[in-house]
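So the sequence shown is numbered by UniProt numbering: it starts at 1 and just counts up by one.
All C-beta atoms in this analysis are idealised placements derived from N, C-alpha and C, irrespective of residue type, glycine included.
Predicted model, so just to flag it, every value in this text is computed and none were measured.
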Amino acid sequence: MVTGGNSGIGKATAFEIAKRGGTVHLVCRDQNRAEGARGEIIRESGNQNIFLHIVDLSDPKTVWKFVENFKQEHTLNVLINNAGCMVNKRELTEDGLEKNFATNT
């Protein structure tokens, strides 16, 4: 599983795992960017075992729901906790957490 796997280091990491035949679960926030990255990784690696999960990692309730659903269908062997954000203005999540902190920690 690679969080933030639709661009940058996360995407490059997901590609390298896919190229070596691994099953990759991309956990991303943006559906369109995630689908684009998934398609590119499949085309370039030849590996069809690339799965998307759209999750807002700044929302703890959403994360816990995702974890519970994932556990019912899959086994997690490796987590590459790559996702991060840089919000330039102070922004709070629905739970009142500062968004940079909620996403990046």
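The residue among F70, H74, N82 and A18 with its C-alpha nearest the C-alpha of G10 is N82.
When C-beta atoms of the segment 70-84 are compared with those of the segment 32-47, fewer than three pairs fall below 8 angstroms, so the two segments do not count as touching. Per DSSP, reduced to three states, the secondary structure at T23 is coil, with no helix or strand assignment.
N49 places its beta carbon less than 9 angstroms from that of V24.
Of all alpha-carbon atoms in K71, L76, V55 and D59, the one lying nearest the alpha-carbon of G22 is that of L76.
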